[in-house]
Amino acid sequence: MSLNFKEVDWVKVLTRAQLDVSYLTKRQGPCPLCGGKTRFRFDNKDDAGTYFCNHCGAGNGYTLLRAFTGMSDREALAFLEGETCCRQVGRPAARNDERCVKALAEAEARKAGKKRGKLNEAWSGSETITQASPVWIYLNRRVPGLQFSWLAPDLRYHPSMAYWDTDTGKPVNKGDWPVMLARARRSSGVPVTLHRTYLSADGYKAPFAKVKKQMESAEKLAGAAIRLNRPTKPSRKLIVCEGIETGLALVAATVNRIEVWCLLNAGNLAVADIPRDRFDEVIICADRDPLDPKHGWRPGEHFAEQLQARLVTEGFAVRLHVPKTEGMDYSDLWLKAAHLRLAA
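In the numbering used here, the protein residues as written are 38 to 381.
Right under this line is the structure:
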């Protein structure tokens with residue numbers, strides 16, 4: 038069969054293959070392939086059944102049909118011709134097929150390997166931060182009082198990484214930019230992923246709405262943290278927070294006496310992987326987020342309280358600190374305090 042994608046009614050075909058029509062509305066939403074909640078869009082450009090997923094990548098109606106059902110080329114072509122497929126279509130049936138299970142496992146392994154390769158390539162292409170690099174110029178401006186010698190080796194400088202804008206659903210390359218690269222690790226020391234902060238060559242944030250991006254990993258964060266500093270003396274205390282700049286502000290505020298770990302987001306803060314054999318006391322510095330009307334709580338405090346409750350059961354001494362002003366974090370407070378000192 039010679040397939041002309043433009044002559045196929047892909048919405049009809051895919052729904053006949055038991056793909057729910059809610060996936061085919063041309064709106065950003067859940068992905069029927071990987072399960073991501075907001076990463077998939079069926080745009081059907083040129084009536085070719087095209088789609089894009091931030092995790093799975095791009096494809097057309099034919100590739101979507103095959104990926105969703107697990108059909109072979111022969112089966113997919115027969116299905117398009119209206120013939121009876123050799124097995125019932127639909128993802129549950131495909132998953133019960135031994136060949137499809139093996140194929141899906143191999144595909145997942147290839148995806149995982151590709152992600153690891155990109156992470157390794159990014160890290161190997163990075164450099165130690167110098168005082169002349171855009172990273173230190175940026176941090177020196179953003180975190181008054183921070184000393185260069187305090188920075189941990191998990192913070193690096195990458196001279197040139199591509200910035201992909203995916204807000205429109207179709208990725209657009211906005212060129213190469215300097216990056217502050219930060220490595221998140223398990224408490225065992227095993228690396229999990231990398232976080233990027235895109236900068237300009239003169240040490241300001243790059244001119245994009247979203248300059249902070251986490252690289253895709255084969256593993257979930259699951260409590261992995263970025264270790265931000267090298268304390269002057271060993272301590273059994275640990276400070277944990279969400280953001281990198283918030284954490285570095287806490288390093289400056291405590292004059293590098295306490296180790297500080299950044300968990301990247303509130304949900305990951307709640308499941309922070311903290312070794313009991315290394316620390317006795319944990320100080321949680323939460324963000325004071327606006328009230329979430331849907332849930333009736335402030336996310337930063339809510340997840341910090343979850344962490345506090347768990348750590349207490351694990352035998353840690355725990356203190357929880359939250360700014361009094363809504364929308365503030367400890368980076369904001371530290372900048373404000375520095376400005377007040379300069380004005381005095």
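Note that CB positions come from ideal geometry on N, CA and C, so glycine has one too.
Determine the DSSP secondary structure at Val308, reduced to helix, strand or coil.
-> coil
Segment limits, alpha helix (DSSP H) that includes Val288 | 281-290
For Lys211 versus Asp204, is the C-beta spacing smaller than 8 Å?
-> no
How big is the Cα-Cα spacing for Ser224 and Arg264?
-> 10 Å
What whole-angstrom Cβ distance do Tyr194 and Trp214 have, given they're in contact under 8 Å?
-> With 8 Å as the limit, Tyr194 and Trp214 do not qualify as a contact, their Cβ atoms being about 12 Å apart.
Residue burial classification, Asn305 (beta-carbon count within 10 angstroms, cutoff 16) | buried
Between the Cα of Cys230 and those of Asp314, Asp239, Gln251, Glu145, spot the shortest distance and give me the residue it belongs to.
-> A small fix is needed here, since residue 230 is Thr in this sequence, not Cys. Thr230 has its Cα closest to that of Gln251, out of Asp314, Asp239, Gln251, Glu145.
Round the Cβ separation of Asn81 and Lys63 to the nearest angstrom and send it over; I've been treating them as touching at under 8 Å.
-> 7 Å
For Asp57, the residue or residues it bridges with in DSSP = BP columns for Asp57 are empty, so no partner.
Output the boundary residues of the alpha helix (DSSP H) element that contains Pro228.
-> Element bounds for Pro228: not the alpha helix (DSSP H) but the beta strand (DSSP E), 228-235.
Just list the alpha helix (DSSP H) runs in the stretch 332-367, keeping only unbroken ones of 4 residues or longer that don't cross its boundaries, in chain order.
-> 336-350
From Ser170, Lys74, Ala243, Cys322, residue whose alpha carbon lies closest to that of Leu370 | Cys322
Run of the alpha helix (DSSP H) containing Arg103, from where it starts to where it stops = 98-106
In terms of alpha-carbon separation, which member of Thr165, Pro244, Phe185, Asp239 lies closest to Arg220?
-> Thr165
Beta-ladder partner(s) of Trp201, from DSSP = Asn210
Looking only at its own chain, which residues have a Cβ that is under 6 Å from the Cβ of Gly73, when we skip the five neighbours before and after it?
-> His92
Extent of the continuous alpha helix (DSSP H) to which Ala323 belongs | From DSSP, Ala323 is part of no alpha helix (DSSP H); its letter is neither H nor E.
Please classify Pro171: does DSSP put it in a helix, a strand, or coil?
-> helix
Identify every residue that forms a DSSP beta bridge with Trp298.
-> Arg264, Val277
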